Structure formats: C-alpha cells, structure tokens
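In order, the protein sequence lines correspond to chains B and Y.
With positions in the first sequence counted from 1, the corresponding number in this note's numbering is that position plus 280.
With positions in the second sequence counted from 1, the corresponding number in this note's numbering is that position plus 280.
Number of protein chains: 2
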Amino acid sequence: MIFHAEAVITPREGVLDTQGKAVEKTLTHLGYEGLSEVRVGRIVTMRLEAKDGDAAAEAVKNMCQDLLANDLIETYKISVREA
Amino acid sequence: MIFHAEAVITPREGVLDTQGKAVEKTLTHLGYEGLSEVRVGRIVTMRLEAKDGDAAAEAVKNMCQDLLANDLIETYKISVREA
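Right, dumping it as structure tokens:
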C-alpha cells in the first residue's frame, strides 16, 4: 500500500525558539500588531510504501528519531493517510 | 478576539526541493525503503489578535507575502482557529 505521510516538527514548549523570535520581531517591525508566541517548525511530507497504516506511522516515527527531529529540543506529530 | 494561526509553507510543485532530496537520500542511506517525493517545508504558528477570523487569515496571508514565503518557489496554506 502507498501512503502520504507527514511529520510536523516543532520546538518543544519552554525551549527558546530563536527563529520564532526573529520572525516575530521582523513582523512587528513590518507593522503587524497583536501577534505573540510565533514559533517556526518544519514539515516533512513523503509518499511511503508500507504494509499498512500502522507500519507507515511506525516507519515515520523512526525516521523522526533517526534524522528528522532533535528529540532534545523538538517534538513531532505524525499523520498518515492512504494515497 | 484571539486566534491560533498557522501557515504551512512548502516548495511549489515542479520546483527542485534540494532539502527534500537530501533528506530522501539520507533516509534511504539509513536503510528506509519505499519512500519517494520527500519534501521539506516550514510551519509558522502564532497567537494573533484580530477583529474576526477573516481579518486574522488576511493578516497571515499578508505576512506570508511580506516575509514568510517566497512566492516564486513556495506556496502556503493558512489555517486560523479561535484560541
């Protein structure tokens, strides 16, 4: 079976998100008001062949732990749907 | 009103996603099989004060055009929900 898999990787709560801070500052400088808690993360999408949905999700979880996410400062959310 | 706003910025179809290619190559090198079309994008989240949902979405759209996305090579999807 072929799946569309997605991993959303974001900074952990409480970890200083320097990118988010920089974006927030620049947006405010550009005149945008009323914004706070700007956080910048990554989204990785792929097509993935797997036995079933659970196997696909398990593979993406392992990919996050092996490469895509830094467990110390980031968390990740995985979603898988049939292609 | 306070909103949670999110912009997902991904490479346009047909544009060479060098980051995606590098991740795909590394994952394959790590032994992962059956994956293709790996694409890497950004996700920006924020809390945003706005008159209503439309105003919040409009503001985030302008932020994408002003700063968050490179219109030539990237597309963006915006979602807004009440906090």
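Every residue, glycine too, gets a C-beta built ideally from N, C-alpha and C.
Computed from a predicted model, the values in this text were never measured in an experiment.
By the Cβ neighbour-count rule, Y:I289 is buried, with 16 or more other Cβ atoms within 10 Å of its own. Excluding residues up to 5 positions away in sequence, T325 and S359 lie with their Cβ nearer than 6 Å to the Cβ of B:E286 in the same chain. Those residues of the segment 315-344 of chain B placed with their C-beta closer than 7 Å to a C-beta in chain Y are L315, S316, E317, V318, R319, V320, G321, R322, I323, V324, T325, M326, R327, L328, E329, A330, A339 and M343, ordered along the chain.
Contacts with chain B at 8 Å (Cβ-Cβ) include Y:L347.
Taking 8 Å as the cut-off, the Cβ atoms of B:A330 and Y:G333 do not count as close.
Following the DSSP letters along the chain, one finds B:G333 inside the alpha helix (DSSP H) bounded by residues G333 to M343. Below 8 Å, too few C-beta pairs join the segment 337-344 of chain B and the segment 302-319 of chain B to call them touching: fewer than three. B:L348 carries a helical assignment under DSSP once its states are collapsed to helix, strand and coil.
Check the Cα spacing between Y:T355 and each of Y:K305, Y:T306, Y:R322 and Y:V303: the tightest is with Y:R322. Shown here, Y:E313 sits in coil according to DSSP, grouped into three states, outside any helix or strand. One finds I323 in chain Y with Cβ atoms closer than 7 Å to the Cβ of B:V288, taken in chain order.
Cβ proximity to chain B below 7 Å picks out V303, T306, L307, L310 and Y312 from the segment 300-312 of chain Y.
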